[in-house]
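For the sequence shown, the residue numbers in the numbering used here are 19 to 90. Reading through the structure tokens given below for one structure.
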Amino acid sequence: MGLTVNRLRESREEMGLTQKRLADIVHVSRQTINSIEAGRYVPSLKLALQLGHVFDCYVEDLFNFSEVADVR
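Now the structure itself:
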């Protein structure tokens with residue numbers, strides 16, 4: 019599963035947060051935030067939910083997943 023749209027950097031900059039400050043808030047490394055923003059890393063569900071909480075938005079507002087498994 020890959021990310022086609024990632025609004026993390028845009029959302030972070032709109033709030034005036036550095037990568038380090040955001041990382042501290044959600045208890046990950048700055049490198050993790052950098053990797054997510056660059057599209058090299060797909061966050062866990064827990065981290066995606068934490069980021070949604072920080073930005074007061076739905077996870078889908080931050081991330082658009084390109085492939086969704088058909089569970090039927």
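A virtual CB, placed ideally from N, CA and C, is assigned to each residue, including glycine.
### Query
For V44, which three-state DSSP category applies?
The three-state secondary structure of V44, taken from DSSP, is helix.
### Nearest-angstrom Cα separation, counted from F83 out to V77
10 Å
### Query
What is the DSSP secondary structure of V60, counted as helix, strand or coil?
coil
### Query
Cβ atoms of G57 and N24: under 8 Å apart, would you say?
Cβ atoms of N24 and G57: closer than 8 Å.
### Task
Report all residues from its chain with a CB closer than 6 Å to the CB of L40; omit the five preceding and five following residues, and keep chain order.
R30 and I51
### Query
By how many angstroms is the C-alpha of L63 removed from the C-alpha of M33?
Distance between the alpha carbons of M33 and L63: 22 Å.
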